[in-house]
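Take a look at the structure below.
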Amino acid sequence: MSESQVSFKVSMMSGAEGSVTGDASEKVLDVRSRILEALNLDGLSLSLFLDSAEGEEVKDDQSIADLSGRSVLAVVQSEPEWCTNKLFKQAYIRGRRCGMEETSEDTDLKVHAGGIFTYSHKYHDHDAECGYNHDTSVTAKGQWKVRWDASKKVEVLELNGEATKRDTQSVGRGCYDDWDRDSNDGEGETDAEEEDTSAGSRNYDRTTTEAFCMTLSKDDLMTDDKGRHARGGWKISSL
1384 MSESQVSFKV SMMSGAEGSV TGDASEKVLD VRSRILEALN LDGLSLSLFL DSAEGEEVKD
1444 DQSIADLSGR SVLAVVQSEP EWCTNKLFKQ AYIRGRRCGM EETSEDTDLK VHAGGIFTYS
1504 HKYHDHDAEC GYNHDTSVTA KGQWKVRWDA SKKVEVLELN GEATKRDTQS VGRGCYDDWD
1564 RDSNDGEGET DAEEEDTSAG SRNYDRTTTE AFCMTLSKDD LMTDDKGRHA RGGWKISSL
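Residue numbers for the sequence shown follow the numbering used here, so the first one is 1384 and each next one is one higher.
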């Protein structure tokens, strides 16, 4: 082992143990995948503590040089505090042309203790001038778990279950598909007869049930909400 490398021991209460070697310039975050490999764990989320009387927690931004020659205790986080019994909410709205056109999205994710989640997402889009309305809703429930994503070096919340999706659309004008709502200059209009004969085929109400799978990183979920008129971020509250 070169002078720039350090080594430390890792163990679990189950008796599993191993050693981790890395460059002194690396952080704990950089070697988490090696810790999992040393303990024969597959993508689980871990809390790390110094195996000492104080039991000080080892942070991700800590240099592994501080751990050289020491022992670290790894504890599997089956239900991490940052997401368990939490409600994550997102809301977005964009109005155009003085409200004649509007797009909105609302998302609720409830992460319950015991590995159960419920999820709902509602999307709405309308154009009053075209008589266009589109709504999509997804409701899902199932099991969740937190695991370590070695490629991104971050904890991720993984959701797996079943979803019901309802998709509805109504169009009052047959010319809608030929009309660019964002750059319309009045061209592309069709006569009333064409509108009356083609609009009906664009109206539908469909409901399907399908498998649901979603992965959200801890970093994304812990990003502060940016407000209703900007995408990104979440509002978090306790259940």
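Note that beta-carbon positions come from the ideal geometry of N, C-alpha and C, so glycine has one too.
Treat the numbers as computed from the prediction; the structure is a model and nothing was measured.
Presumed contact (8 angstroms Cβ cut-off) between residue i and residue j, rounded CB distance
i       : j       : result
Glu1484 : His1509 : 7 angstroms
Leu1422 : Ala1436 : Not really, about 23 angstroms apart at Cβ, beyond 8 angstroms.
Tyr1515 : Leu1542 : The Cβ separation is near 32 angstroms, so there is no contact.
Under 9 angstroms between C-beta atoms of residue i and residue j
i       : j       : result
Lys1536 : Ser1394 : no
Ser1454 : Lys1410 : no
Ala1474 : Ala1546 : no
Ala1511 : Gly1544 : no
Phe1471 : Leu1456 : no
Ser1451 : Ser1390 : yes
Thr1590 : Lys1548 : yes
Leu1431 : Arg1530 : no
Phe1500 : Trp1465 : no
Val1403 : Leu1429 : no
Leu1412 : Asp1449 : no
Continuous alpha helix (DSSP H) stretch holding residue i: start and end
i       : result
Lys1505 : No alpha helix (DSSP H) holds Lys1505; the beta strand (DSSP E) holding it covers 1499-1510.
Lys1601 : 1601-1604
Leu1419 : 1415-1421
Close beta carbons around residue i, own chain, < 6 angstroms, minus the five adjacent residues each side
i       : result
Gly1405 : Val1414, Ile1447
Ser1600 : Val1537, Val1539
Ser1387 : Asp1406, Ala1407
Lys1618 : Lys1472, Asp1608
Ile1476 : Ser1487, Arg1611
Tyr1506 : Glu1488, Thr1519
Gly1478 : Glu1485
Thr1592 : Thr1547
Sequence-distant residues of its chain with Cβ nearer than 8 angstroms to residue i (five each side left out)
i       : result
Asn1586 : Gln1552, Ser1553, Val1554
Ser1620 : Lys1469, Leu1470, Lys1472
Ala1533 : Arg1415, Ser1416, Leu1419, Gly1426
Ala1613 : Tyr1475
Other residues of its chain near residue i: CB distance less than 7 angstroms, five sequence neighbours each side excluded
i       : result
Ala1575 : Note that Ala1575 scores 44 on pLDDT, short of 50, meaning its location in the model is unreliable; the coordinates nonetheless yield the value given after this. Nothing meets the Cβ criterion.
Asp1588 : Thr1551
Gly1616 : Thr1606, Asp1607, Asp1608, Lys1609
Unbroken beta strand (DSSP E) run spanning residue i, endpoints
i       : result
Ala1436 : Note, Ala1436: premise wrong, no beta strand (DSSP E); not H, not E.
Glu1545 : 1537-1554
Gly1642 : This structure gives no information on residue 1642, because the portion of the chain shown stretches from 1384 to 1622.
Asn1586 : Premise fails: Asn1586 is in no beta strand (DSSP E) and is neither H nor E.
His1495 : 1484-1495
Lys1528 : 1515-1532
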